[in-house]
Amino acid sequence: MNLSRDVETDKLIREGQSGNSEAIDKLIRKYAADVHRLIYSIMGNSDKVPDLAQETFLRIFSRLDQYRFQSSFRAWIIQIAVNLCRDEFRKARVRKIISPLFPDSEDSIHSDDPGTRPDFKLERNETRQQIIIALQKLDKSLRMVFTLREIEGLPYEEIARILNWRLGTVKSRLFRARKELAGMLSHQLEDL
Amino acid sequence: MIAPKKCNYLKMVSRYMDNDLNEGEKKALQTHLIHCYTCQKHFKAFLHLKQASRFNYPVSPYFAPRVFSALKQTTPPFWKQMAILPEFLVKSGLVIATLILIFIATADIFNNSPSEMTEPSENLILIDELDRQTTLVSNDQALRFALNSNDIIKDNPNEF
Ligand SMILES: [Zn+2]
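Printed below as a string of structure tokens:
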């Protein structure tokens, strides 16, 4: 991955920092697909994707002035999106714990574990669809490391920083994720 | 179906996909791949996985305008609201707050010092005297250093 500064993006960020709405609009459009795809791959539920993507951008622009041009802007955005997904997992866990206490609550009717209710209306490509379904069966940490590496194309160092893991952990979990996915998808992958 | 066999080179196959191997490791893996069926299978599978994982997500054309209107509705953070006030007001507010803090701190010392001095033991007086001397000496040195002049010290030996 090219870690040298993208002059054009830096210019947009600077203009965004001084409140230029055209620059902010361009930044949203530039990174919207990446953010959507990342959240979709991790959450496996397209209903939640637009809301979480919007929340990601709201967080980015509320602290845009804190961006110091020292790290990759894309990795910074991805970091914020990953944190939001982790918050969602945490909320889902809490809901799961408290739902037996409130049997009438909506969450007890619809299982809200993001990993078990994937929605793939958007995916036309059979193999990709299978990858996203298989991803949801992986342990969350394996799902995240695979998404960041293979779906978002981030280098090891960025992944280690975003997930707060050591480089060795990134490599070994990525290997486990690939191995488990390859096992689940052996038929689809052989057809390629 | 991918054979569930284990091989010590498998992790290397995974790192190969990320271009993480040095030249020596690459050569070793290439030689190994010729006769290891398990690694061959995994190599192909990992590569296909990589190729199939790149996709574009169709974003709604209304997404950017929606973020924009949400952005307008959010209240600016505290420090930005502060920026609405004239700068001198903020600054003078800070100065007043600092003065109040200093006043409280010094008042505290005044309140505490008499109670500490009510029944000084001999040891305490000794320490106090020693403290005063070291303070005088160190202040004296600091002053010499700062002003680089002996006259002022002679003129005002008790200034500090
Ligand atoms: Zn092997």
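Note that the protein sequences, when read in sequence, are chains E and U. Residue numbers are given in our numbering: position 191 of the first sequence equals residue 191, and the series is strictly consecutive. So the mapping is simple: our numbering equals the position in the second sequence, first residue as 1, plus 192. Even for Gly, the Cβ is constructed at its ideal location relative to N, Cα and C.
Assigned exposure category for THR223/U - 16 Cβ within 10 Å defines buried: Taking the second sequence and counting its residues from 1, the one referred to as residue 223/U is at position 31. When all chains shown are included, THR223/U counts as exposed.
Taking the C-alpha atoms as reference points, what is the distance between ILE159/E and VAL145/E? Within the first sequence, residue 159/E is the residue found at index 159, counting from 1. Within the first sequence, residue 145/E is the residue found at index 145, counting from 1. Each residue's alpha carbon lies about 7 Å from the other.
Could you tell me if TYR201/U is buried or exposed, where buried requires 16 or more neighbouring beta carbons within 10 angstroms of its beta carbon? Along the second sequence, read from residue 1 onward, the residue named residue 201/U stands at position 9. Burial check for TYR201/U: the Cβ neighbour count within 10 Å reaches 16 or more, so the residue is buried.
Is TYR40/E near ligand 1 - that is, is its Cβ less than 6 Å away from at least one heavy atom of it? Mapped onto the first sequence, residue 40/E falls at position 40. The beta carbon of TYR40/E sits no closer than 6 Å to any heavy atom of ligand 1.
Taking a Cβ distance cut-off of 8 Å, strictly less, list which residues of the stretch 239-258 of chain U are near chain E, in chain order. The residues in question are HIS240, LEU241, LYS242, GLN243, ALA244, SER245, ARG246, PHE247, ASN248, TYR249, PRO250, VAL251, SER252, PHE255, ALA256, ARG258.
Hey, does GLN222/U have any beta-carbon neighbour from chain E nearer than 7 Å? What you label residue 222/U is simply residue 30 of the second sequence in a count that begins at 1. No, because no Cβ of chain E sits closer than 7 Å to the Cβ of GLN222/U.
Given that a residue counts as buried once 16 or more other Cβ atoms are within 10 Å of its Cβ, and exposed if not, what is VAL287/U? By 1-based counting over the second sequence, the position of residue 287/U is 95. With fewer than 16 other Cβ atoms inside 10 Å of its own Cβ, VAL287/U counts as exposed.
On the CB-based measure, 16 or more other CB atoms within 10 Å of its CB, does GLU311/U come out buried or exposed? On the second sequence, residue 311/U is found 119 positions in, with the first residue counted as 1. With a pLDDT of 35 at GLU311/U, under the threshold of 50, the predicted position of this residue should be treated as unreliable, and no value is reported.
For chain U, check one thing: does any of its Cβ atoms lie closer than 7 Å to the Cβ of ARG37/E? Counting from 1 along the first sequence, the entry for residue 37/E is found at position 37. By this cut-off, ARG37/E is an interface position.
Chain U residues whose Cβ lies nearer than 7 Å to that of ALA182/E: For the purposes of this step, residue 182/E is identified with residue 182 of the first sequence, where counting begins at 1. Those are ILE194, HIS234, ALA237, PHE238, LEU241, listed as they occur along chain U.
Between LEU167/E and TYR156/E, is the Cβ-Cβ spacing less than 7 Å? What you label residue 167/E is simply residue 167 of the first sequence in a count that begins at 1. What you label residue 156/E is simply residue 156 of the first sequence in a count that begins at 1. Taking C-beta atoms as the reference points, LEU167/E and TYR156/E count as a pair closer than 7 Å.
Between the CA atoms of PHE255/U and ARG68/E - distance to the nearest angstrom: For the purposes of this step, residue 68/E is taken as the residue at position 68 of the first sequence. For the purposes of this step, residue 255/U is taken as the residue at position 63 of the second sequence. The straight-line gap from Cα to Cα measures roughly 27 Å.
Strictly below 9 Å CB to CB, what residues from chain U border SER18/E? Along the first sequence, one-based indexing puts residue 18/E at 18. Neighbours of SER18/E on chain U: none; closest Cβ ~13 Å, over 9 Å.
Taking DSSP as the reference, what is the three-state secondary structure of LEU328/U? As a first step, residue 328/U is located in the second sequence; it is residue number 136 there, counting from the start. Note that LEU328/U has pLDDT 39, beneath the 50 cutoff, so the model's placement of it is unreliable and no number is given.
Applying the 10 Å Cβ sphere with the 16-neighbour rule, what's the burial state of LEU64/E? Position 64 of the first sequence holds residue 64/E. The residue in question, LEU64/E, is buried, as its Cβ has 16 or more Cβ neighbours within 10 Å.
Neighbourhood of GLN17/E by C-beta, 7 Å cutoff - its chain only, sequence neighbours within 5 removed: By one-based count along the first sequence, residue 17/E stands at place 17. Result list for GLN17/E: LEU64, ASP65, in chain order.
For ASN45/E, does the three-state DSSP call read helix, strand or coil? The residue you call residue 45/E lines up with position 45 of the first sequence. Reduced to three states, the DSSP call for ASN45/E is strand.
Measuring only between beta-carbons, confirm whether LEU263/U sits less than 7 Å from chain E. Counted from its first residue, the second sequence places residue 263/U at position 71. Answer yes: the Cβ-Cβ gap between LEU263/U and chain E drops below 7 Å somewhere.
For THR290/U, count the other beta carbons within 10 Å of its own beta carbon; 16 or more makes it buried, fewer makes it exposed. Which is it? Residue numbering aside, residue 290/U sits at position 98 when the second sequence is read from its first letter. It counts as exposed.
Relative to the C-alpha of HIS187/E, which candidate in VAL205/U, LYS233/U, ILE294/U, CYS199/U has its C-alpha closest? Position 187 of the first sequence, counted from the first residue, corresponds to residue 187/E. Ranking VAL205/U, LYS233/U, ILE294/U, CYS199/U by Cα distance to HIS187/E puts LYS233/U first.
Pair within 7 Å by beta-carbon distance, ILE37/E and TYR208/U: By 1-based counting over the first sequence, the position of residue 37/E is 37. By 1-based counting over the second sequence, the position of residue 208/U is 16. First, the residue type needs correcting, since residue 37/E is Arg and not Ile in the sequence shown. Taking C-beta atoms as the reference points, ARG37/E and TYR208/U fail to come closer than 7 Å.
How would you write the range of the alpha helix (DSSP H) that VAL251/U sits in, first residue to last? Reading the second sequence from its first residue, position 59 is the one you call residue 251/U. Careful: VAL251/U lies outside any alpha helix (DSSP H) and carries neither H nor E.
Locate the alpha helix (DSSP H) running through ILE159/E, then write down its first and last residues. Here residue 159/E refers to the residue found at position 159 when the first sequence is read from its first residue. Taken as a continuous stretch (DSSP letters only), the alpha helix (DSSP H) holding ILE159/E covers 156-163.
Taking Cβ positions, are ALA244/U and ILE131/E nearer each other than 7 Å? Position 52 of the second sequence, counted from the first residue, corresponds to residue 244/U. Position 131 of the first sequence, counted from the first residue, corresponds to residue 131/E. For ALA244/U and ILE131/E, yes; Cβs fall inside 7 Å.
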